[in-house]
Structures are given as C-alpha cells and as structure tokens.
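All remarks here apply to the structure that follows.
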Amino acid sequence: MQVFRYSGPEFSPYAEDDLAPESIQGPWPAPTATGPLKATLQLPGSKSLTNRELVLAALANGPSLLRQPLHSRDTDLMVEALRSLGVSIEEVVGAGTFGSDWLVTPGELEGGTSIDCGLAGTVMRFLPPLAALALGPVAFDGDVAARKRPMRTTIDALRGLGIDVSDDGRGALPFSLYGTGSIAGGELSIDASASSQFVSGLLLAAPRFDNGLTLRHTGEHLPSLPHIEMTIVALAARGVIVESPEPGVWVVPHTEIQALDVDIEPDLSNAGPFLAAALVAGGTVTIEHWPTQTTQVGANLVEFLPRFGATVLRDGTSLTVDGGAGILGGSPLTGIDTSDELEVGELAPVLVALAALAGSPSNVAGIGHLRGHETDRLAALTTEINALGGNVTEQPTALELEPSELHAGAWHSYEDHRMAHAGAILGLAVDGILIDDIATTAKTLPQFPDLWLAMLGHTPSSPVDPAGF
Ligand SMILES: O=C(O)C1=C[C@@H](OP(=O)(O)O)[C@@H](O)[C@H](O)C1
Ligand SMILES: C=C(OP(=O)(O)O)C(=O)O
C-alpha cells in the first residue's frame, strides 16, 4: 500500500481543544484509491441545522438541548458570538461520537460586543437581525476573505427595519449596528438573489419583532430554496408557523419561539465527497444515521450520484452508494447536465469534481451565486481543474466540462472547505495532487482528513469498517 506523508494524529473521536487539523503542515498529498472501497462511516452534525438551532434556542422562551451538534469552526464561531451577546451555552456530555451536546439558555441580549464571523455565511447573515434585538452596539467582522462576501442585503434590511448601521458603503463586512432593544418589524422588501441566508436570517429572528414580519423578495432570482424551507421547518418545530401566500413572500407572526430539545442530523452535504469516492474508486461507501426525512440539500445526492452511474441503497438508517467498478475499475462516469437553476448549490463543488473525471461532457448550470461563497467557486474550480489538464469553460452562471486526462499538480483550496473536498476526490484517481490547505475543511468537518484516510483503509483505529482492503 502506498505510504503518504500524513503526520496528523490517529483518529480520535473529537478532541475539544483541537478542532482544526493544524498538525497537517504544508501541502496534503491527496491519497489515490488503491482498490474498491467498502467503508462505513459516521459523520458529525449538519452545519446548517446546528447554526439554525443555536439561533432559535438563543431566542426561545426557555433552555434547549442540542444533541450531537456540529463542533467545527463555523459552529464554534456561532457559539462564541451568542455567548458574547448574553446567551449561556454549556457543554453537556452526550451520546454523540463527535463531541459534547450544548445546553442553550437564553438571556437578555446585550450589545457592546464584537462578533467574529470567520468565513461563515450563517454567522454573518443569521446574527445581525438577532443582535439588533440587543441594546447597544454590535460590531461584525470576519476573515479577509469574508469581507468579499455579499452583505448589502443584510445591511439594507437592518436599515429598513429602523436599525442604525454604520459601514463603509461596500455592502460587506465590517459594519456595526446599534440595537435599541427591540425591532418593530412589519413589512420589508429585500433582494436576496445573492444568498438565501438573507431570508433565513430575518425569518429566524422575526417572531421576536413586535409586529412580526412580512418579508418580500424583490429580485428575479432566489437561490438555495431548500435552505429557506429548512428555516421554515425549524421554526415550525418551535411553534412558529411561517406562511408563504405567494412565492418569495413570507409572513412570520410575532410569537414566542418554544424551547425544544433537538437531535442534530449528520451533515449530508459533507457526506458528498465520501459518497462520490465510491464512483471513483469503485465499491461501496455507507453513511450511518442517514435521516429518513430531512430538509438538508445533501439528500439530493441520492438523485445526483445515480446520474453519474452510481446505485443508491437504503438499509434502515444507513445509506450506501455503490460505484460498481468505479472509474479506477474501468467504468467511466456519465457526465451530467443540471437544470437551469441548481437549487443545491452547496453540492456543486463535489458534482463538478466528478464531472471533471467523467467520460462524457457535463454542464453544471444555475450556480452563479456560488461566486459569493467562501470563494468565487466558478473561477476557483475552473482555474484548478484546468491547471491539472482539465477542460472547463467558465460561463457567467455555469461550468461546462469536456472529458480530459488530468495530471499531477497543486490544488489550491482558497480557504474553501468544499474546494478541498473537490481536490480530494480528484486525487483518488490522479496520482500526485497536492492540496495546499486541507485544514480549511475544519470550517464544517474538522475530521475530514482522518475520515478520508480511514475510508481508504489507512487508519484502522477509525470508526470505519476497513474490510475489503
Ligand atoms: O442557510 C444555510 O445554512 C445555507 C444556505 C446556502 O447559502 P446560499 O443561499 O448563499 O447558497 C448554502 O449554500 C450554505 O452552505 C448554507
Ligand atoms: C456556502 C457555504 O457556506 P456558508 O454557510 O459560509 O455560506 C458552504 O458551506 O458551501
């Protein structure tokens, strides 16, 4: 078996103080697959669900227990921000494999604080409406890369709600708001075409506005609709019924947000690269605790991976992707053509990585707003795949891919966890891919390098069945 220059720790089920795989210094040689897979994995909790439940628990009418939440950079930033606003969040020993549960006890929201959003869209878009309910100033900033992400809609929305905001006019971080302790609410129009998170952030806080909120999206385009649905379902579970009398309009009543103990589902979008690996290496990858019903966009992998040639099997609460012989076993992938609007934009980097390895052309369309994600994902994917010999044409809102032989080379992650995932997928089939910053996966899955190696049979101490190797 090939030996990799991996110097990270043996897999341990989460070390509280060591979330980032910082022990991995320098470029990470993406391991190639040496045979068909037969791996069974558990994955940590969903970023999107964890950060919604943290916000709702912070605004609720009593304490809420979050079981098996995600412990990662994005969720830790949310926890720290809420604590600094006066919310108590205690670590509680739970039954989860990947860290403690969180007991969230709401308190009176206090301003006079600064919030580090890191590069987390959910922190920078969900927290300002909540922070505006506090009394006093709250400053928002984040990583250098975060200062490029679209925030004008949040800033305009706050002003539309009567909140005083000071910013530098770029429509981006940093900015400060001055809360007066309450928000009247009522009618508000926004253009959420750059991100669904603008809508979700307002809906999450709106039950605490004196008059609730009637929110109208005015732009032509509204991305990531399933994530708005996730927000509406999470609110409903806490007794807040959001009505949508017509597409792009949401009515949130002024009402109490009920305290609720919740189980956080595993992150199905982060299952993407692992399930995709079966199509490249061949064999099977099974994810345990796959929910039978979910609002997560990762559930759509069940629809997309078969279009490349996979078979998907459900067995109780496990989901298995069978890649057959896989590319490495001589079975080429079929390229895909997505519809006009890819609602599951979060999955795009994984789909594009598979498309780059496919034996027929692909068109991954309707992903223009991914230019405002952790990086401009259309530009980053095009640059990196083409640098390896790929044939990607970047269109304003789509990527077109033609089959091409890829070769060894550097893969830049651009501080984007899903770019790192895409590089790892290519590395399964292409020897000599060096990922510059695998540690960036700590944004939503600090265990990514360990789990990836374990899936490939490299760390027998991990919670993976290495049978078949
Ligand atoms: O609400 C959420 O949890 C998310 C919404 C989506 O954002 P966009 O609408 O900006 O794509 C998604 O891509 C992101 O990863 C998570
Ligand atoms: C777009 C993403 O993240 P964020 O929540 O920071 O927007 C993502 O995880 O793909």
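The sequence shown begins at 94 in the working numbering and counts up by one.
Glycine residues also receive a C-beta, built at the ideal position from the N, C-alpha and C atoms.
These figures come from a predicted structure and were not determined experimentally.
| Asked | Found |
| --- | --- |
| Cβ of Thr621 versus every heavy atom of ligand 1: is any distance shorter than 7 Å? | With the chain covering 94 to 562 only, the question about residue 621 has no answer from this structure. |
| In angstroms with no decimal places, state the Cα-to-Cα distance between Glu322 and Thr388. | 7 Å |
| Taking the runs of the alpha helix (DSSP H) that are 4 residues or longer, which of them lie wholly in the stretch 348-416? | 364-374 and 394-401 |
| Please name the residue or residues paired with Leu471 in a DSSP beta bridge. | DSSP, once it has assigned bridges, lists no residue as partnering Leu471. |
| Please classify His310: does DSSP put it in a helix, a strand, or coil? | strand |
| Quick check on this structure: which residue in Glu434, Ala232, Leu130 and Leu136 has the alpha carbon closest to the alpha carbon of Asp543? | Leu136 |
| May I have the straight-line CA-CA distance separating Gln290 from Trp343, to the nearest angstrom? | 14 Å |
| Alpha carbon to alpha carbon, how far is Leu353 from Ala232? Give it in angstroms, no decimals. | 29 Å |
| Exposed or buried, Arg166, counting other C-beta atoms within 10 Å across all chains shown (16 or more means buried)? | buried |
| Excluding sequence positions up to five away, which residues of its chain have a Cβ less than 7 Å from the Cβ of Ala277? | Gly255, Phe302, Asp303 and Asn304 |
| How about Ala522 and Leu406: are their beta carbons less than 8 Å apart? | no |
| Should Pro489 be labelled buried (16 or more other beta-carbon atoms within 10 Å of its own) or exposed? | exposed |
| Are the Cβ atoms of His505 and Pro442 separated by less than 8 Å? | no |
| Just to confirm, are Asp408 and Ala371 a CB contact at a threshold of 8 Å? | no |
| Indicate, with yes or no, if ligand 1 has a heavy atom lying under 7 Å from the CB of Gln540. | no |
| Ends of the beta strand (DSSP E) at Ser141? | Note, Ser141: premise wrong, no beta strand (DSSP E); alpha helix (DSSP H) at Lys140 to Ala151. |
| Any idea if Ser432 is buried or exposed, counting beta-carbon neighbours within 10 angstroms, 16 or more meaning buried? | exposed |
| For Ala113, which of helix, strand or coil comes out of DSSP? | The pLDDT assigned to Ala113 is 47, lower than 50, so where the model puts this residue is not dependable; a value taken from the coordinates is nonetheless given after this. Three-state result, Ala113: coil. |
| Taking 8 Å as the threshold (C-beta atoms), are Phe219 and Asn144 in contact? | yes |
| Rounded to whole angstroms, what is the Cα-Cα separation between Met94 and Val378? | Interpretation of Met94 is limited by its pLDDT of 24, a score under 50 that renders its predicted location unreliable; no figure is taken from the coordinates. |
| Using only CA atoms, which one of Leu228, Gly438 and Gly402 lies nearest to Glu467? | Gly438 |
| Buried or exposed for Arg252, going by 16 or more other Cβ atoms inside 10 Å? | exposed |
| When DSSP builds the beta bridges, which residues end up paired with Pro316? | Answer is none; Pro316 lacks a bridge partner. |
| In angstroms, rounded to a whole number, what distance separates the CA positions of Ile531 and Pro129? | 24 Å |
| Apart from the five residues just before and just after Ala473, which ones in its own chain have a Cβ nearer than 8 Å to its Cβ? | His505, Tyr507, Asp509 and Met512 |
| Please look up how many angstroms separate the CB atoms of Leu394 and Leu328, rounded, as I've assumed it's under 8 Å. | Not really, about 26 Å apart at Cβ, beyond 8 Å. |
| Just to confirm, is the Cβ distance from Glu436 to Ser317 under 8 Å? | yes |
| What would DSSP say about Ile325, mapped onto helix, strand or coil? | helix |
| Using a threshold of 8 Å, state whether the C-beta atoms of Ser337 and Leu315 are closer than that. | no |
| What separation, rounded to the nearest whole angstrom, lies between the Cα atoms of Gly235 and Gly332? | 33 Å |
| Report yes or no: do the stretch 256-273 and the stretch 177-194 share at least 3 C-beta pairs separated by less than 8 Å? | no |
| Put Ile518 into one of helix, strand or coil per three-state DSSP. | helix |
| So, using beta-carbon positions, are Leu163 and Ser181 closer together than 8 Å? | no |
| What do you reckon, are the CB atoms on Gly452 and Ala418 nearer than 8 Å? | no |
| Which residue's Cα is closest to the Cα of Ser269: Val292, Met217 and Leu196? | Met217 |
| Flag Leu147 as yes when its Cβ comes closer than 7 Å to any non-hydrogen atom of ligand 2, and as no otherwise. | no |
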